[in-house]
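Novice: Numbering-wise (this note's numbering), the sequence shown opens with residue 9 and increments by one.
Here it is: the structure, laid out below.
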Amino acid sequence: MYKSEALILRTYKLGEADRIVVFLTRDRGKKRGVAKGARRVRSRYTGALEPMTLAGVAYYEREQRELVRLNYVEPTRSPLSASGDALGYVGYFAELIDEWAPEAHADERLYRLGSAVVDAMTAGAPVELLARYFEFWLLRLQGVYPSIRQCPACGAALNDGAAMPARDAVLLCRACAPGMAGTRLSPEAMVFLRSATAVGPDNVATLALAAHAARELETAHRQLISVHLDKDLKSARVLREMRQAR
Numbered sequence: 009m010y011k012s013e014a015l016i017l018r019t020y021k022l023g024e025a026d027r028i029v030v031f032l033t034r035d036r037g038k039k040r041g042v043a044k045g046a047r048r049v050r051s052r053y054t055g056a057l058e059p060m061t062l063a064g065v066a067y068y069e070r071e072q073r074e075l076v077r078l079n080y081v082e083p084t085r086s087p088l089s090a091s092g093d094a095l096g097y098v099g100y101f102a103e104l105i106d107e108w109a110p111e112a113h114a115d116e117r118l119y120r121l122g123s124a125v126v127d128a129m130t131a132g133a134p135v136e137l138l139a140r141y142f143e144f145w146l147l148r149l150q151g152v153y154p155s156i157r158q159c160p161a162c163g164a165a166l167n168d169g170a171a172m173p174a175r176d177a178v179l180l181c182r183a184c185a186p187g188m189a190g191t192r193l194s195p196e197a198m199v200f201l202r203s204a205t206a207v208g209p210d211n212v213a214t215l216a217l218a219a220h221a222a223r224e225l226e227t228a229h230r231q232l233i234s235v236h237l238d239k240d241l242k243s244a245r246v247l248r249e250m251r252q253a254r
């Protein structure tokens with residue numbers, strides 16, 4: 009039996025009364041476990057299996073078995089106390105972590121990022137600002153975010169903005185990408201990225217990000233995610249539909 013701190017990512021129905029729970033542990037990576045009776049009305053797991061819930065977990069694991077068996081899940085912090093707008097992003101954050109977290113391989117930096125984002129949400133951090141920050145740091149930790157300081161083509165600084173060619177994962181200076189199809193990042197967007205390298209999620213509200221720069225970064229980050237995962241996220245489509253419905 010193992011005990012660990014964990015971040016709940018998602019659940020699936022199993023049989024008539026159980027659920028499969030995907031969770032990221034601090035010390036042993038991502039696991040998939042069976043929560044017996046989790047779908048019953050009086051389940052002991054009620055309220056403990058929501059996405060992005062931080063919890064203490066205990067589970068049994070046997071060699072050559074893909075699924076572990078959950079013994080208990082004791083929630084310690086939950087994004088359910090966040091505002092309505094923030095709740096719309098919970099599934100998005102959880103899906104991103106689930107896609108990037110390696111199976112059964114500890115990644116404490118990724119766990120700490122997810123945990124800090126939950127704390128920032130419950131503290132009332134501006135959620136769209138937090139989303140751009142989270143995307144940047146997640147991609148950076150995975151080693152797939154392009155240089156935000158120097159053009160790879162000519163070596164020029166990216167202080168005056170940058171361009172991300174369509175279906176690519178690099179940032180070029182404007183001189184190297186005249187008329188190129190793709191996403192343009194303004195100087196304000198580049199300032200946000202450089203500032204984000206020195207600020208924790210709990211202080212994300214201190215960062216300046218104009219609405220147009222936020223949309224630029226959202227488009228660029230969606231492109232980076234799509235290029236490296238080779239697919240679009242379901243939760244990203246949900247967020248777009250939510251925004252259009254406002």
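Glycine is no exception: its CB is placed at the ideal position from the N, C-alpha and C atoms.
1. Compute the Euclidean distance between the alpha carbons of residue 251 and residue 201, then round it to the nearest angstrom.
2. Answer with buried or exposed for residue 237, where buried requires no fewer than 16 other C-beta atoms within 10 angstroms of its C-beta.
3. Mind the definition here: the segment 110-121 touches the segment 37-53 only if three or more C-beta pairs lie below 8 angstroms; say whether that holds.
4. Measuring CA to CA, which of 171, 145, 93 and 106 is closest to residue 124?
5. So, residue 175 versus residue 235, is the Cβ gap smaller than 8 angstroms?
6. Would you kindly work out how many angstroms separate the C-alpha atoms of residue 166 and residue 13, rounded to a whole number?
7. So, is residue 245 buried or exposed, given that buried needs 16 or more other C-beta atoms within 10 angstroms?
8. The beta strand (DSSP E) that contains residue 81, what's its start and end?
9. Are the CB atoms of residue 26 and residue 44 nearer to each other than 8 angstroms?
10. For residue 196, which of helix, strand or coil comes out of DSSP?
11. Of the choices 178, 70 and 212, whose alpha-carbon is the least far from that of residue 140?
12. Using DSSP's beta-bridge definition, name the partner residues of residue 130.
13. State whether the segment 213-223 contacts the segment 148-156, with contact taken as three or more CB pairs (one from each stretch) at a distance under 8 angstroms.
14. Sort 29, 240, 86 and 121 by Cα distance to residue 74 and report the nearest one.
15. Got a sec: is the Cβ-Cβ distance from residue 197 to anything in chain C below 8 angstroms?
16. Leaving out five residues before and five after residue 136 in sequence, what residues of the same chain have Cβ atoms less than 7 angstroms from its Cβ?
17. What's the C-alpha gap between residue 81 and residue 61?
18. Buried or exposed: which applies to residue 187, given that a residue is buried once 16 or more other Cβ atoms fall within 10 Å of its Cβ?
19. Going by other Cβ atoms of all chains shown within 10 Å of its Cβ, with 16 needed for buried, is residue 224 buried or exposed?
20. With C-beta atoms as the reference, is residue 138 less than 8 angstroms away from residue 87?
Specialist: Reading it off the structure:
1. Position 243 of the sequence shown, counted from the start, is the residue given in the question as residue 251. Position 193 of the sequence shown, counted from the start, is the residue given in the question as residue 201. Using only the alpha carbons, I get a separation of about 24 angstroms.
2. As a working note, residue 237 is residue 229 in the sequence shown. Under this definition residue 237 is an exposed residue.
3. By the Cβ test, the segment 110-121 is in contact with the segment 37-53, since at least three Cβ pairs between them sit closer than 8 angstroms.
4. Taking the sequence shown and counting its residues from 1, the one referred to as residue 124 is at position 116. The shortest Cα separation from residue 124 among 171, 145, 93 and 106 belongs to 145.
5. Walking along the sequence shown from the start, residue 175 turns up at place 167. Walking along the sequence shown from the start, residue 235 turns up at place 227. Yes, Cβ-Cβ distance for residue 175 and residue 235 is below 8 angstroms.
6. Counted from its first residue, the sequence shown places residue 166 at position 158. Counted from its first residue, the sequence shown places residue 13 at position 5. C-alpha of residue 166 to C-alpha of residue 13: approximately 40 angstroms in a straight line.
7. Here residue 245 is taken as the residue at index 237 of the sequence shown, counted from 1. The residue is exposed, with fewer than 16 neighbouring Cβ atoms inside 10 Å.
8. Translated into positions along the sequence shown, residue 81 becomes position 73. In the DSSP annotation of this structure, the continuous segment of the beta strand (DSSP E) that includes residue 81 starts and ends at 76-85.
9. Stepping through the sequence shown from its first residue, residue 26 is reached at position 18. Stepping through the sequence shown from its first residue, residue 44 is reached at position 36. The answer is yes: Cβ separation under 8 angstroms.
10. One-based indexing of the sequence shown puts residue 196 at position 188. Three-state DSSP puts residue 196 in a helix.
11. One-based indexing of the sequence shown puts residue 140 at position 132. For residue 140, the nearest C-alpha among the options comes from 212.
12. Here the question's residue 130 lines up with position 122 in the sequence shown. Beta-bridge pairing links residue 130 to no other residue.
13. Below 8 angstroms, too few C-beta pairs join the segment 213-223 and the segment 148-156 to call them touching: fewer than three.
14. For the purposes of this step, residue 74 is identified with residue 66 of the sequence shown, where counting begins at 1. Answer by Cα proximity: 29.
15. Going by chain labels, chain C is absent from the structure shown, which holds only one protein chain.
16. Taking the first residue of the sequence shown as 1, we reach residue 136 at position 128. Only 222 meet the Cβ criterion.
17. Against the sequence shown, residue 81 aligns to sequence position 73. Against the sequence shown, residue 61 aligns to sequence position 53. C-alpha of residue 81 to C-alpha of residue 61: approximately 10 angstroms in a straight line.
18. In the sequence shown, the residue the question calls residue 187 occupies position 179. Exposed, because fewer than 16 other Cβ atoms sit within 10 Å of the Cβ of residue 187.
19. For the purposes of this step, residue 224 is taken as the residue at position 216 of the sequence shown. Label assigned to residue 224: buried.
20. By one-based count along the sequence shown, residue 138 stands at place 130. By one-based count along the sequence shown, residue 87 stands at place 79. No; because the gap between Cβ atoms is not below 8 angstroms, this pair is not in contact.
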